[in-house]
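Here the structure is laid out as structure tokens; the discussion comes afterwards.
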Amino acid sequence: MSSPLHCCSPQRYRTPPATARASASASTRAIGIDNDSSVKSILYHALSLSNILHFNVQIVVGEDELEDRIINHFKKEVLKAGVLQECKHRRFSENKDDKIKRKAREASRRNRKRKPQSRAWVQNKHDSEKKKKDDVDDDIDDLELPRVDIPYT
């Protein structure tokens, strides 16, 4: 009887035969991949599932961009990606029920329909503010006292 193949058996992570290595390197050269780690991730499926060179946030910095602006941009992207919230959830390990509830809340927030403001509504709002300002200016002009002789002199 042969023993069943387990996920951690040494047979699974053996180096491939020379022909497989040669064909893999030829195919990777054809698509422009030259380093050895890429070949390993193609040949060994478990390596492709690992988080090699994975990042949550990326910002592009201009040459003459101010440091404060870079930091604020980075903070905004970190909050947008939810990195801090994920760290908090991992630190205080939550049970299955809490995780399901949290995922449902996050999904409802993501999928919530937002009412877009139309340009006409924004323009009407701007026009109404302008009209109110003009009315206030007209009221100020009307406050001039009439020239009338005072009867009690």
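If you use the working numbering, the sequence shown corresponds to residues -17 to 135, in order. Cβ atoms here follow ideal geometry from the backbone N, Cα and C, with glycine treated the same way. Since this is a predicted model, take the numbers as computed values, not measurements.
Backbone CA spacing between E59 and Q40 [nearest angstrom]
Between E59 and Q40, the C-alpha separation is close to 8 Å.
Beta-carbon proximity list for I132, same chain, < 7 Å, skipping 5 on both sides
The beta carbon of I132 sits closer than 7 Å to none of the beta carbons in its chain outside the five residues before and after it.
Give the straight-line distance between the Cα atoms of L66 and I82, rounded to the nearest whole angstrom.
Between the alpha carbons of L66 and I82 lies a gap of roughly 19 Å.
Separation of H55 from N77, as counted between CA atoms:
One alpha carbon belongs to N77, the other to H55, and they sit about 34 Å apart.
Taking only three categories from DSSP, how would you classify R92?
In this structure, R92 counts as helix in the three-state DSSP scheme.
With C-beta atoms as the reference, is I52 less than 8 Å away from V42?
The answer is no: Cβ separation not under 8 Å.
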